[in-house]
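Asker: Here it is, the structure, as C-alpha cells.
Number of protein chains: 2
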Amino acid sequence: MQTMMQRSLLPENSLPGGFRFAAVTAGLKPSGRPDFSVAVADQPASAAAMFTGNNVKAAPIHVGDRHLQRSGGRVRVVAVNAGNANCATGEIGMQACETVCAAAARTFGAEGHEVFPSSTGIIGVPLPAEKLVAALPEVERQLAGTTENFAAFANAILTTDTRPKVAHALVSVGDRTVRIAGVAKGAGMIHPQLVPHATMLVYVFTDAAIEPAELNTLLHDAVEVSFNRISIDGDTSTNDTVLLLASGASGAAVDAKHPAFRAALQDICTSLAKQIVDDGEGVTHVVELQIEGATSDADALKVAKAIAHSPLVKTAWAGSDPNWGRLMAATGYSGAQIEPERIAIWLGEQQICINGGRVPDFDKQRAHEYLKNREYTIRIDLGIGQGKCRFWTTDLTEEYVRINADYST
Amino acid sequence: MQTMMQRSLLPENSLPGGFRFAAVTAGLKPSGRPDFSVAVADQPASAAAMFTGNNVKAAPIHVGDRHLQRSGGRVRVVAVNAGNANCATGEIGMQACETVCAAAARTFGAEGHEVFPSSTGIIGVPLPAEKLVAALPEVERQLAGTTENFAAFANAILTTDTRPKVAHALVSVGDRTVRIAGVAKGAGMIHPQLVPHATMLVYVFTDAAIEPAELNTLLHDAVEVSFNRISIDGDTSTNDTVLLLASGASGAAVDAKHPAFRAALQDICTSLAKQIVDDGEGVTHVVELQIEGATSDADALKVAKAIAHSPLVKTAWAGSDPNWGRLMAATGYSGAQIEPERIAIWLGEQQICINGGRVPDFDKQRAHEYLKNREYTIRIDLGIGQGKCRFWTTDLTEEYVRINADYST
Numbered sequence: 001m002q003t004m005m006q007r008s009l010l011p012e013n014s015l016p017g018g019f020r021f022a023a024v025t026a027g028l029k030p031s032g033r034p035d036f037s038v039a040v041a042d043q044p045a046s047a048a049a050m051f052t053g054n055n056v057k058a059a060p061i062h063v064g065d066r067h068l069q070r071s072g073g074r075v076r077v078v079a080v081n082a083g084n085a086n087c088a089t090g091e092i093g094m095q096a097c098e099t100v101c102a103a104a105a106r107t108f109g110a111e112g113h114e115v116f117p118s119s120t121g122i123i124g125v126p127l128p129a130e131k132l133v134a135a136l137p138e139v140e141r142q143l144a145g146t147t148e149n150f151a152a153f154a155n156a157i158l159t160t161d162t163r164p165k166v167a168h169a170l171v172s173v174g175d176r177t178v179r180i181a182g183v184a185k186g187a188g189m190i191h192p193q194l195v196p197h198a199t200m201l202v203y204v205f206t207d208a209a210i211e212p213a214e215l216n217t218l219l220h221d222a223v224e225v226s227f228n229r230i231s232i233d234g235d236t237s238t239n240d241t242v243l244l245l246a247s248g249a250s251g252a253a254v255d256a257k258h259p260a261f262r263a264a265l266q267d268i269c270t271s272l273a274k275q276i277v278d279d280g281e282g283v284t285h286v287v288e289l290q291i292e293g294a295t296s297d298a299d300a301l302k303v304a305k306a307i308a309h310s311p312l313v314k315t316a317w318a319g320s321d322p323n324w325g326r327l328m329a330a331t332g333y334s335g336a337q338i339e340p341e342r343i344a345i346w347l348g349e350q351q352i353c354i355n356g357g358r359v360p361d362f363d364k365q366r367a368h369e370y371l372k373n374r375e376y377t378i379r380i381d382l383g384i385g386q387g388k389c390r391f392w393t394t395d396l397t398e399e400y401v402r403i404n405a406d407y408s409t
Numbered sequence: 001m002q003t004m005m006q007r008s009l010l011p012e013n014s015l016p017g018g019f020r021f022a023a024v025t026a027g028l029k030p031s032g033r034p035d036f037s038v039a040v041a042d043q044p045a046s047a048a049a050m051f052t053g054n055n056v057k058a059a060p061i062h063v064g065d066r067h068l069q070r071s072g073g074r075v076r077v078v079a080v081n082a083g084n085a086n087c088a089t090g091e092i093g094m095q096a097c098e099t100v101c102a103a104a105a106r107t108f109g110a111e112g113h114e115v116f117p118s119s120t121g122i123i124g125v126p127l128p129a130e131k132l133v134a135a136l137p138e139v140e141r142q143l144a145g146t147t148e149n150f151a152a153f154a155n156a157i158l159t160t161d162t163r164p165k166v167a168h169a170l171v172s173v174g175d176r177t178v179r180i181a182g183v184a185k186g187a188g189m190i191h192p193q194l195v196p197h198a199t200m201l202v203y204v205f206t207d208a209a210i211e212p213a214e215l216n217t218l219l220h221d222a223v224e225v226s227f228n229r230i231s232i233d234g235d236t237s238t239n240d241t242v243l244l245l246a247s248g249a250s251g252a253a254v255d256a257k258h259p260a261f262r263a264a265l266q267d268i269c270t271s272l273a274k275q276i277v278d279d280g281e282g283v284t285h286v287v288e289l290q291i292e293g294a295t296s297d298a299d300a301l302k303v304a305k306a307i308a309h310s311p312l313v314k315t316a317w318a319g320s321d322p323n324w325g326r327l328m329a330a331t332g333y334s335g336a337q338i339e340p341e342r343i344a345i346w347l348g349e350q351q352i353c354i355n356g357g358r359v360p361d362f363d364k365q366r367a368h369e370y371l372k373n374r375e376y377t378i379r380i381d382l383g384i385g386q387g388k389c390r391f392w393t394t395d396l397t398e399e400y401v402r403i404n405a406d407y408s409t
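Here the protein sequences come in this chain order: L and B. Once you know that position 5 of the first sequence is 5 in the UniProt record's numbering, the rest is easy, because the numbers rise by one and skip nothing. Once you know that position 54 of the second sequence is 54 in the UniProt record's numbering, the rest is easy, because the numbers rise by one and skip nothing.
Spelled out as C-alpha cells, the structure:
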C-alpha cells in the first residue's frame, strides 16, 4: 500500500479507471473561474454517500439522497457547482436541481436518478440552472480520464479555499492494483456533524469492484475517524456531502473487511480532512488535539469539540499564547465527566499542567515558542478512564473575521 | 417603581442602606489600577448566590458555596479581586482564598464563613493572597456607604471591560422605599450556563428585608430571563457568580411574590446583562434575537444559542452583511425541531425570509443599511408552535481576536 498527499496533479497511472472528468466555467462564481465540475462513470458505479446532519438541507442533498435510493446506490454522473449553495431556495431550488440533473442525464446518456448533484456557495440565492445546463456541451467536449482533468475537477469545486485538496492511494488486491483518489473542498462552515448522513464536499473514486452495501460500511468507518474529527469554526453546513464511487474497472473485488483497502481509504479521508483544516479560512495554526483518559471515547470527543469551538482558546492560539487556563475552562464546560484535579496537559513534549494545576517549573517562554509552530499537538489526559480521540482544528484569526465579515461573501 | 441604567454614579439617596463599600489597589492588575473591591454589611445580610455551571470551578466558587451553606445564607463581607481568577490553582489556591477570607473576617469583625470571596482574571496563576491581606487595612479606612465608593467598587472588579456596569431601582413597599443597586463585570468568556448555580461577576444589593429562601427564588427567577439569555463568545467561565444581598435596613419586608420588587430586580438584572453584552470585547453590534413559533421555549433557546455562537453569523454581523443563509444554517443545526419551509425571518421591520426562502422583493441594500446600526433586532418565526425567547448577543470582530490573541491576556 502506498498513500500520498497531493497538492494538485496525481502521478501518472494513479487515476482510478472507469471515470472521466471535466470542469468548466458556467458563470456562477463572480471571479469567472471554473465553477462546474463533472465526473462521468463509463458504467453505473457503486455509490455510497453521507450527507450533512443539519436540519436545513440544500436542494441537492434532498435530490442526491432520493436519486441514490431510486438507483439502488448506482451513479453515472456527478455534477458539482460552486458559487451557489442552492439552499433555502424553496421549491424553485428543487426544480433547478432536477433541471440540471435531467439535462446532465440527457447529455451523458444516463438515467435522471443516476445523476448525483452537489452545490456549494452562498445560501438563499436562487440557482441559475440555465447557466449549468448551457455549460454541459462544453463539459462533454472536455471529458477525459486524465490527471489534468482530475485536477481541474478538484479546482472548480473550491470556494474560499486557497488550494485544491487531493489524496490518492494504490492498493494491491491479489495480483491486481486498485486505485483510489479523492478530492475535497471546504475552508469555512466546517464542523461536519456525522449522523449516518453527513460532511462537506468530498468525492472519492476507486476502480475496485465493491457492492454498494459494502461501500457504505467502508465509507462510514473511514469518515468516523477523519471528517468526523475536524472543526474550523463549529458551523455545520447545509450542503456537506461525501461521495464514494467504485467503478470496478480494475477487475479486483473488495469487500468491507479488506484490511489494505480499508486502511488506504481511511488514510485518504484523514489526509483530505487535515488538508481542509490546513486550508481553513485565515488559519495560521493547525492543532492536533489528543484527548485521553476520558471515561469514554464519546466524552473525549466532547472535550475535543469544546476546545475546538472555544473562541477564547482559538484566539489564544492565534497569538501563540500558552494560556492553558482556557483549555481547562473549555474542558470544564464540555459536558464530559471530569475530575479537575486529575487533569494533565502537554504542549508537544512539554507538560504544563499536572493535577489540574500549573506545573511547578512552568516555562512560559518555551511554551510560547512551541506555539509559534504552524502545526503542533496538545495532549490532555483526563486521568479517569480509557476513552480517547484525535481531533484536528485551527486557530481563530483576524483574517478569518475579515474573510467572513466581507459584505457579501 | 423607577428603574434606570447607570454608567457610573448612582443618584443621591439611591444606595441601599446597611452596606459600606471600598476599592483599593492591591497590586494584582499589571496596570496598577484598583483591583480589590470590598462590601461590608453592617449586620449579616440575607444572601442568595448562583455559580458557574462549568465543571472546572475556581477556588472562590468552592469556598463561597461552602461559606453560604455554613452560614445559612448570611454574608457580612464580599471580597472581590480582579487580575487573578484563582482557578486551576489546586490546593494552594484554596488555601489562598481561605487566607483572604480569614483576614477579612478579622478585619471586619465577622465569622470566616460570613465572607464571600470572588476572583476574576487569568486562570492557572497562583493568587498572591498576601497582597490582598496587606490591602485590608486601607480597605477598612476607606469603607463608606456613599455612591462614590459604590462606583469605586463597580470599577475595581473590571478586567477587560471598558466601563463599569451599574443599575438601580427604587421600589415602594407599603409606605417605605426599598432600594436595589447592582454592579456587574464581564466582557469575554461570556456565556453563563445557568444550572441552579451560575453566571459572571454580579453583585446586587438591597435594603429590603428578605429571608434567604425567598431571596433564592427571586434571584433564580431574575437570572433566568437576564444573565441566562446573553452570550458574547460562547465560553462559560470558571468563575461566574451572581450574589444578591438583602440588608433589611429599609425596615420593609419583601417576599418572593412581591410584584414590584420582582419586576425591579428583573429589570436590574436585564439591564446589567445587556450592559455586559454592550461592552463585550471588540463588540461593534449588539443583537437582540427574538425567536418564536418554536415547539417549546427550550427549543427557541436552542436556536438563539446556535445563532449566538456561530462564528459565521457573528462575522457576517461584523460586516453588516445580510447573509441570512447563515441564520438558516445555524437554525438547522441547533437541535431544535424545525420545518425549514415554515421559517420566516425579519431584520427589524424588514422581512427577508418567508417559507424558508428569500422574500421575492428582497431589498439587500436596505437590509445592509439596517445592519449598520449598533443595536438591532433579528426575529425568527419557526412557524410550528408557541415557544419563544429573547436573547442578546454580539458580533465577532477582528478587535475581539486582537484582544484575546494578545500574549498573554
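Each residue gets a CB set at the ideal place from its N, CA and C atoms; glycine is no exception. As the structure is a prediction and not an experimental result, all values here were calculated from the model.
For L/Q275 and L/M50, I'd like the C-alpha separation in whole angstroms.
Answerer: 19 Å
Asker: Rounded to whole angstroms, what is the Cα-Cα separation between L/Y376 and L/S119?
Answerer: 33 Å
Asker: Does chain B have any CB closer than 8 Å to the CB of L/G332?
Answerer: yes
Asker: L/F391 by DSSP, collapsed to three states: which one?
Answerer: Annotated three-state conformation of L/F391 is strand, per DSSP.
Asker: Pairs of beta-carbons, one from the region 78-87 of chain L and one from the region 249-262 of chain L, closer than 8 Å: are there three or more?
Answerer: No: fewer than three Cβ pairs fall under 8 Å.
Asker: Just the C-alpha distance for B/T160 and B/G282, rounded to the nearest angstrom, thanks.
Answerer: 10 Å
Asker: Would L/S71 count as contacting chain B if we go by Cβ distances under 8 Å?
Answerer: No, no contact with chain B.
Asker: Please report the distance separating the alpha-carbon of L/D381 from that of B/A135.
Answerer: In this structure, the alpha-carbon of L/D381 lies about 39 Å from that of B/A135.
Asker: When you compare each of L/A336, L/L132 and L/L265 to L/A105 by their alpha carbons, which one comes out closest?
Answerer: Minimum Cα distance to L/A105 is reached at L/L132.
Asker: Would you say B/S118 reaches chain L, if we count a Cβ-Cβ gap shorter than 8 Å as a contact?
Answerer: no
Asker: By alpha-carbon positions, which one of L/I122, L/T99, L/G121 and L/I123 ends up nearest to L/G112?
Answerer: L/T99
Asker: For B/L243 and B/Y203, which I take to be in contact (beta-carbon distance under 8 Å), what is that distance rounded to the nearest angstrom?
Answerer: At roughly 5 Å, the Cβ-Cβ gap stays under 8 Å, so B/L243 and B/Y203 are in contact.
Asker: Does any C-beta atom of chain B lie closer than 8 Å to the C-beta of L/C101?
Answerer: no
Asker: Please report the straight-line C-alpha distance between residue 412 of chain L and B/E214, rounded to a whole angstrom.
Answerer: Lying outside 1 to 409, the shown extent of chain L, residue 412 of chain L is not represented and no answer is given.
Asker: For the alpha helix (DSSP H) containing L/A82, name the first residue and the last one.
Answerer: Here L/A82 belongs to no alpha helix (DSSP H); instead the beta strand (DSSP E) covers R74 to A82.
Asker: Between which two residues does the alpha helix (DSSP H) holding B/Q252 run?
Answerer: Checking the displayed sequence, the identity of residue 252 of chain B turns out to be Ala instead of Gln. According to the DSSP assignment, B/A252 belongs to no alpha helix (DSSP H), since it is labelled neither H nor E.
Asker: For B/R70, count neighbouring C-beta atoms within 10 Å of its own C-beta (all shown protein chains included) and say buried if the count is 16 or more, exposed if not.
Answerer: Within 10 angstroms of the beta-carbon of B/R70 lie fewer than 16 other beta-carbons, which makes it exposed.
Asker: Taking 8 Å as the CB-CB cut-off, is B/I307 touching chain L?
Answerer: no
Asker: Please look up how many angstroms separate the CB atoms of L/N55 and B/Y333, rounded, as I've assumed it's under 8 Å.
Answerer: 7 Å
Asker: So, for L/A198: in the same chain, excluding its five sequence neighbours on each side, which residues have a beta-carbon less than 8 Å away from its beta-carbon?
Answerer: Only weak support exists for where L/A198 lies, its pLDDT of 30 falling under 50; the value from the coordinates is given anyway. M50, F51, T52, G53, P192, V223, F227, N228, D240 and V242, listed in sequence order.
Asker: What are the boundary residues of the alpha helix (DSSP H) that L/D221 is part of?
Answerer: P212 to E224
Asker: Can you give me the start and stop residues for the alpha helix (DSSP H) that B/T377 sits inside?
Answerer: Run containing B/T377: none in the alpha helix (DSSP H); it sits in the beta strand (DSSP E), E375 to D381.
Asker: Should L/D406 be flagged as near chain B, meaning a C-beta pair shorter than 8 Å?
Answerer: yes
Asker: What would DSSP say about residue 427 of chain L, mapped onto helix, strand or coil?
Answerer: Because chain L is modelled from 1 through 409, residue 427 of chain L falls outside the range shown and cannot be assessed.
Asker: Once you ignore the five residues that flank B/E339 on each side, which residues in its own chain have a CB closer than 6 Å to its CB?
Answerer: I384
Asker: Just to confirm, are B/S231 and B/A308 a CB contact at a threshold of 8 Å?
Answerer: In this structure, the beta-carbon distance from B/S231 to B/A308 falls below 8 Å.
Asker: Step through the CB atoms of chain L and report whether any lies within less than 8 Å of the CB of B/H197.
Answerer: Residue placement at B/H197 is poorly supported in this model, since its pLDDT is 28, which falls under 50; the coordinates still yield a value, given next. Chain L, which has no Cβ nearer than 8 Å to the Cβ of B/H197, makes this no.
Asker: Apply the 10 Å Cβ neighbour rule to L/Q266 and answer buried if 16 or more other Cβ atoms are within range, or exposed otherwise.
Answerer: buried
Asker: So within the region 76-155 of chain L, which uninterrupted alpha helix (DSSP H) runs reach at least 4 residues, ignoring any that extend past its ends?
Answerer: 90-108 and 129-142
Asker: Taking 8 Å as the threshold (beta carbon to beta carbon), is L/M50 in contact with chain B?
Answerer: no
Asker: If L/A169 sits next to L/A264, beta carbons under 8 Å apart, how far is it from one beta carbon to the other, in whole angstroms?
Answerer: 4 Å
Asker: Less than 8 Å between CB atoms is the rule here; does L/L312 satisfy it with respect to chain B?
Answerer: yes
Asker: Label B/S37 either buried or exposed according to how many other C-beta atoms from any shown protein chain fall within 10 Å of its C-beta, with 16 as the threshold for buried.
Answerer: Per the 10 Å Cβ criterion, buried.
Asker: Looking only at its chain, what residues have a beta carbon closer than 7 Å to the beta carbon of L/A85, apart from the 5 residues adjacent to it on each side?
Answerer: A58, S119, T120, G121, I122, I123, T238 and N239
Asker: Do you know how far the Cα of L/V178 is from the Cα of L/K372?
Answerer: 41 Å
Asker: Secondary structure at B/A48, three-state DSSP: helix, strand or coil?
Answerer: In the structure shown, B/A48 sits in a strand (DSSP, three-state: E or B).
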